[in-house]
Structure formats: C-alpha cells, structure tokens
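Peer 1: Below is the structure I would like to discuss, written out as structure tokens.
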Amino acid sequence: MVQVETNDRNSIADLLSDPMDSQRPGPSPAPHSKLLKTSSNEGKQLISYHITPKPPPEPLPFPLGLLVTICCGGNMKYLVFPTLMAVSLGLFLAFSRAVSSTTALMGYSQYQNSRELSEDEPSLPKSHLFFGSMLKDHAAMFHARPQMFQQQLLMQQQQQQQQQQPIPGGDASESCDCSRCEVDNSFLGDNTKQYQRLVKHSFQHFYGKPELAVQMEAFVPGKQKMWAMNPVFYISPDQICADDGSPLAVIVVHSHHRHMIERNVVRDTWGGVAKGRPWPRRQMVAEVRLIFVLEVSEDPIDNDLATKESDKYGDIVLVDVQETSQPASRKVLSGFKWVLQHCTGTQYIIKVEEDTFLDVPLLLSVLANQDLTNMIFGPILFAETVQRLTADDKVLVSKQAYFPEWYPPYAKGTVYALPTSLAKRLLTVAEYLPYVSTEDAFITGILAKVFDARHINIPEHLYDTRVNNKPELCDFVYRKKMVAHKVNSALARGLWRRMEKAEMCGLYPAEE
Numbered sequence: 000m001v002q003v004e005t006n007d008r009n010s011i012a013d014l015l016s017d018p019m020d021s022q023r024p025g026p027s028p029a030p031h032s033k034l035l036k037t038s039s040n041e042g043k044q045l046i047s048y049h050i051t052p053k054p055p056p057e058p059l060p061f062p063l064g065l066l067v068t069i070c071c072g073g074n075m076k077y078l079v080f081p082t083l084m085a086v087s088l089g090l091f092l093a094f095s096r097a098v099s100s101t102t103a104l105m106g107y108s109q110y111q112n113s114r115e116l117s118e119d120e121p122s123l124p125k126s127h128l129f130f131g132s133m134l135k136d137h138a139a140m141f142h143a144r145p146q147m148f149q150q151q152l153l154m155q156q157q158q159q160q161q162q163q164q165p166i167p168g169g170d171a172s173e174s175c176d177c178s179r180c181e182v183d184n185s186f187l188g189d190n191t192k193q194y195q196r197l198v199k200h201s202f203q204h205f206y207g208k209p210e211l212a213v214q215m216e217a218f219v220p221g222k223q224k225m226w227a228m229n230p231v232f233y234i235s236p237d238q239i240c241a242d243d244g245s246p247l248a249v250i251v252v253h254s255h256h257r258h259m260i261e262r263n264v265v266r267d268t269w270g271g272v273a274k275g276r277p278w279p280r281r282q283m284v285a286e287v288r289l290i291f292v293l294e295v296s297e298d299p300i301d302n303d304l305a306t307k308e309s310d311k312y313g314d315i316v317l318v319d320v321q322e323t324s325q326p327a328s329r330k331v332l333s334g335f336k337w338v339l340q341h342c343t344g345t346q347y348i349i350k351v352e353e354d355t356f357l358d359v360p361l362l363l364s365v366l367a368n369q370d371l372t373n374m375i376f377g378p379i380l381f382a383e384t385v386q387r388l389t390a391d392d393k394v395l396v397s398k399q400a401y402f403p404e405w406y407p408p409y410a411k412g413t414v415y416a417l418p419t420s421l422a423k424r425l426l427t428v429a430e431y432l433p434y435v436s437t438e439d440a441f442i443t444g445i446l447a448k449v450f451d452a453r454h455i456n457i458p459e460h461l462y463d464t465r466v467n468n469k470p471e472l473c474d475f476v477y478r479k480k481m482v483a484h485k486v487n488s489a490l491a492r493g494l495w496r497r498m499e500k501a502e503m504c505g506l507y508p509a510e511e
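Following this line, the structure appears as structure tokens:
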C-alpha cells in the first residue's frame, strides 16, 4: 500500500508506470498498480495505490544460469581459481611422469656402464646389480609397444598362474640372495602390481642397511676413472710362488716401515708355515704363502732397511702407491694385484694386519671345504655408521667420496679371505668409484656391493670383537679361537710357546 499526496493525479500514474513499457511494441502492458481510494484535504488529493509486483522472468537452464550468475555477479574468482588449480595439477602430473621415466632410463644407463666394465668375466652373474635389473625391466615397460602387451597378455596370465609364488615377508635385516627373483622376470610384463611386489620384496630382504636400498647409485661405477692406481713394485719377491705356483691361499700382511719386530714375530710364530715350518701337532690341509706389503717411504733410510730385510727373508713387497696420505686402500689393492700377477694359480687371498694372531690350519680347512664364490669370509660388520673425521678432526671420508651415512656389510680389516676371482673384479672397478681410505669398508663393502658379494661371519666364539679383550694363553691350544687382534709381540710369542708345549696347558700327547 502506497499513499501519495499530490495535486496531479496523472503524475502519480506516470511515477508508477514502467518507463520501458512505452518503448515495447504491441499492446499496452497491464498496469502494475491499482487505485484503491482517494480523499481530499485543502485542495490536495490523497491517493492510495496498491502496487502489484512485476512477475519474474523465465529462468535460464541450470548450467547456463549458474555460469551467468558467477560471471555477471562479480564472483569470477570462483571460476578462475579452480581453473588455474586444475591446469597446475595437470602440468605437475605430466612433469612427474616425465621425470620418473627419465630417472629409470638414467639408472638403466648407469647399470649398463657398470656391467660393461666386467662383461668379459665369465663367472660374473648376468645381473650383478639386482636393482639395475629392475631398472632395465622398468625402462623396457615404458618403451614397449602397446601391441606387444596385447599379444602377450594371455601368455603372461598363464605364466603368472604357473610361475608366480607368494613371496614371504621377512625382517629387513634378513639377507636374501633373491635367486628366485632373478631367474625369470618375464612374467612381470606390464603388471605394475608385480613391480610393486618385487620392490617390496627387495626392501624386505635387502642385504645391508635398508636405507641403502634407495642409495644404490653410490655403488654404480662411473664412466671414467676417478683416481689412478698404477703401482710400481720396487721390491718384488718373485720366488714366492716360483716352486709351487698354485697354493690354496696367499696371505697379504699389511705392514709399516720400522715394524721389523712385528714382522719377525709373525715369521717366528703362525706365519712360519708359509716357509715350510710345521704347525705344532696339526696337519696343514693345503699350501700357503705370505708376503708383507709396504709403501715406498719419503725417507730413503726406510727404503734401504726394507731392501735389506727383503734380501734376508724374501717376503717384502715394496710398492710405490703414488700417494703419501691415507694409502691403506691403495696398498692392499696393490697387494692383491701382485698376487694375481705372480701367484696365478692361487684360489684365495687372505688379508691380515700385522698385530693379528691367526690359526692358519683352521682357516685353510674352512677355505678348502667351502664354496666361497663371490663371498668374503671374516668378522662382519653389518651396518656401520660412516666416520667422517679422524680423532684430530681431519677429513677421513668426505660426502663427495661416499654420501650415504652407513656402509654396506663389510669385513673388518683384521683378517678376511676372498676368492682371487672376486679380487680381480674388485680391481677392475676400483678406479671407477671415488677413493675411500678406509680400506676394509672400501674393498669388502663398497666395491663388493657393486657385484652384490656376500659375507660369511667368523663365529663369535672363534673371534672376540670386543676392544682390548686379549685371548687366554691356551685358547689356541684348545682351538677356542681362530683369530685374535691387538696382539703384541710378547703375547704372540707366549701363545705360540703354549702351542709348541701343550703340556703347559694340561694337554698331553695321549689327550690330543
């Protein structure tokens, strides 16, 4: 209800009319208001009108109406922002797919490069890098033709039913040779679930710290040499294997200049069997030879003393490793190379530190009666943290040389034995990986991981790994120990004296 006071009735009608009605063709539109009553007051008229609302227009279809409402209602942000998000998500997914494909191909390329370095070795397994084999199959899945999948789909389904067996789960620290996985991977085809299953199995049974499974690039040799190992042997006892070029093992003792007392203790005790001396009350199952490896010293006096010692005993190898700082790995690898050049028929190399006491007959019996192909025998450390600095804060292992925080399983440098065939392959790839001066971790861990070599641990009761824990004088008489470390000269001679005179330990000939 609207009441208007006016002198002109027509002006009210004009006020209430729609100005657009006069411009529309056709009949005049119906009035939107209705006169209800009038009254006068001092010449003025009070007119009451009832305004009828204009009917709403016909609604547009829902999608079009919603679009018009958003676009014309000042809410464009509700349309632009989701559109931008959708486009960004699409680009991100496309980029991720391209990166994953490129990564797989790069991994396969690295695997091929590492394999080419050793493909002339007949004893090398077809897939010495298990993850390299996975990357190869994964790259093939990206580039295989679609029609190949269609043609082989039925065959693959049949093979899955016949060959696929449930793979049991296991502890992450459990070792697994994955031989069943590597026999035939053709049944995997384009079934991504099978790849996921294989990767899960690999992580569950990964040999070493599980975190290393995603850092396998640390064990892939490069395309070019990263350091040079060109040892020059200034003293070479060529007669070591001249009489019998095929001993079961050659013992390589890592020694130092002016440690002649320690070397003489080895010669007079357990190392004497390499010179033909008998082992007290024991029979040797095979022949063995022994050499001491020393690096060329900057002091000419040291080199002269080494030459005189070599003339007297004929067991010194003096090698120029062309590196004065941290030469341990170079020295040991040079010792391996000397053995491969001069004792071509030997089956094993035994690396020993000069302060180690070793039950040689017991160790040789293990090597002679076991198939240790692609294996390393010694005191094993399964997952050791990398020590970056020395005690005086000098860099020992840099991130550039080895970036993971854990080593793969490796044998302690106290004593370990490995086949000469494996030593040859380690020498083949050593220069194509960054040099690490920690000899045991580098040779028996990092280099061995390239070929997925495994380790056999010396039983704890035969080797006490506790620091500064000395063996009892009669332990080797009763064969309670195979190896003892940190043995000084006096203790070594005391152990050997008990073995020569077993009655000092209460063992008499009738009780042997």
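Those letters in the sequence shown? Residues 0 to 511, by numbering that gives the first Met the number 0.
Just so it is clear, CB atoms sit at the ideal spot from N, CA and C, and this is done for glycine as well.
1) Taking 9 angstroms as the threshold (C-beta atoms), are Leu432 and Pro470 in contact?
2) Whole angstroms are fine: how far does the CA of Leu317 sit from the CA of Ala305?
3) Would you tell me roughly how many angstroms separate the C-alpha atoms of Val428 and Asp439, rounded to the nearest one?
4) For Cys240, which of Ala273, Asn456, Lys485 has the nearest alpha-carbon?
5) Let me make sure I understand the geometry here. Which of Ala217, Leu88, Leu90 has the alpha-carbon closest to that of Phe441?
6) Under the three-state reduction of DSSP, which class applies to Met498: helix, strand or coil?
7) Excluding the five sequence neighbours on either side, which residues of its own chain have a C-beta within less than 8 angstroms of the C-beta of Val351, listed in chain order?
8) Run the CB neighbour count on Leu293, radius 10 Å, all protein chains shown included, and call it buried at 16 or more, exposed below.
9) With DSSP run on the structure shown, which of helix, strand or coil describes Thr384?
10) So does the region 320 to 338 actually touch the region 454 to 465, counting three or more Cβ pairs closer than 8 angstroms?
11) Going by DSSP, what residue range makes up the alpha helix (DSSP H) through Lys479?
12) State the CB to CB distance for the pair His258 and Glu353, rounded to an integer number of angstroms; the pair is presumed to be in contact (CB under 8 angstroms).
13) According to DSSP, simplified to helix, strand and coil, what is Val523?
14) Can you tell me whether Asn373 is buried or exposed, with buried defined as 16 or more other CB within 10 angstroms of its CB?
15) Just the Cα atoms here: how many angstroms apart are Trp278 and Ala501?
16) Across the region 358 to 378 and the region 389 to 398, are there enough close Cβ pairs to call them in contact, namely three or more that are closer than 8 angstroms?
17) Would you call Thr419 buried or exposed, if buried means 16 or more other Cβ atoms sit within 10 Å of its Cβ?
18) Would the region 261 to 272 and the region 222 to 231 be scored as touching if the rule is three or more Cβ pairs under 8 angstroms?
19) Pull up the CB-CB distance for Asp314 and Leu289, whole angstroms please, since I reckon it's below 8 angstroms.
20) Quick one: grab the DSSP three-state call for His256.
21) Measuring from the CB of Gln340, is there a heavy atom of the ligand ADP at a distance below 8 angstroms?
22) Using 10 angstroms around the beta-carbon of Ser87, count the other beta-carbons present and answer buried if the total reaches 16, otherwise exposed.
23) Just mark Phe213 as buried or exposed, buried being the case when its beta carbon has 16 or more other beta carbons within 10 Å.
24) For Val208 and Trp405, I'd like the C-alpha separation in whole angstroms.
25) For Lys330, which option in Leu362, Leu339, Pro230, Tyr312 has the closest C-alpha, if you only look at C-alpha atoms?
26) Of all the options Tyr206, Ala227, Thr268, which has the alpha carbon lying nearest to the alpha carbon of Ser488?
27) Excluding the 5 residues preceding and the 5 following Tyr434 in the sequence, name in chain order all residues of the same chain whose CB lies nearer than 6 angstroms to its CB.
28) Could you pull the DSSP bridge partners for Asp319 from this structure?
29) Quick check on the DSSP output: what are the complete beta strand (DSSP E) runs of length 3 or more inside the region 321 to 376, in order along the chain?
30) Between the alpha carbons of Asn467 and Lys485, how many angstroms are there, rounded?
31) Is the separation between the beta-carbon of Ala210 and that of Pro408 shorter than 9 angstroms?
32) For Pro418, write down the residues that DSSP places opposite it in a beta bridge.
33) Could you give the DSSP three-state label for Arg465: helix, strand or coil?
34) Go through its chain and collect everything with a Cβ distance to Val359's Cβ below 6 angstroms, but skip five positions before and after it.
35) When the Cα of His341 is compared with those of Lys480, Phe205, Ser245, Ala410, which residue comes out closest?
Peer 2: This is what the structure holds:
1) no
2) CA-CA distance, Ala305 to Leu317, rounds to 8 angstroms.
3) 16 angstroms
4) Ala273
5) Ala217
6) Helix at Met498.
7) The answer, listed in chain order, is Ile250, Val251, Val252, His253, Leu357, Thr413, Val414.
8) buried
9) strand
10) no
11) It is not in any alpha helix (DSSP H) - Lys479 carries neither H nor E in the DSSP assignment.
12) 6 angstroms
13) A question about residue 523 goes unanswered here, because the residues of the chain that appear run from 0 up to 511.
14) buried
15) As the crow flies, the alpha-carbon of Trp278 is around 12 angstroms from that of Ala501.
16) no
17) By the Cβ-count criterion, Thr419 is buried, with 16 or more other Cβ atoms from all chains shown falling within 10 Å of its own Cβ.
18) No contact exists between the region 261 to 272 and the region 222 to 231.
19) 6 angstroms
20) Looking at His256 - three-state DSSP - the assignment turns out to be coil, as it is neither helix nor strand.
21) You won't find the ligand ADP in this model; it holds no ligand whatsoever.
22) exposed
23) The amino acid occupying residue 213 in the given sequence is Val; Phe does not appear at that position. Exposed is the label assigned to Val213, since fewer than 16 other Cβ atoms lie within 10 Å of its Cβ.
24) What sits at residue 208 in the sequence shown is Lys, not Val. About 7 angstroms.
25) Across the set Leu362, Leu339, Pro230, Tyr312, the C-alpha of Pro230 shows the shortest separation from the C-alpha of Lys330.
26) Thr268
27) Trp226
28) Val231
29) 347 to 352
30) 7 angstroms
31) Per the sequence shown, residue 210 should be read as Glu rather than Ala. For Glu210 and Pro408, no; Cβs fall outside 9 angstroms.
32) Tyr347
33) coil
34) Trp269, Val272
35) Ser245
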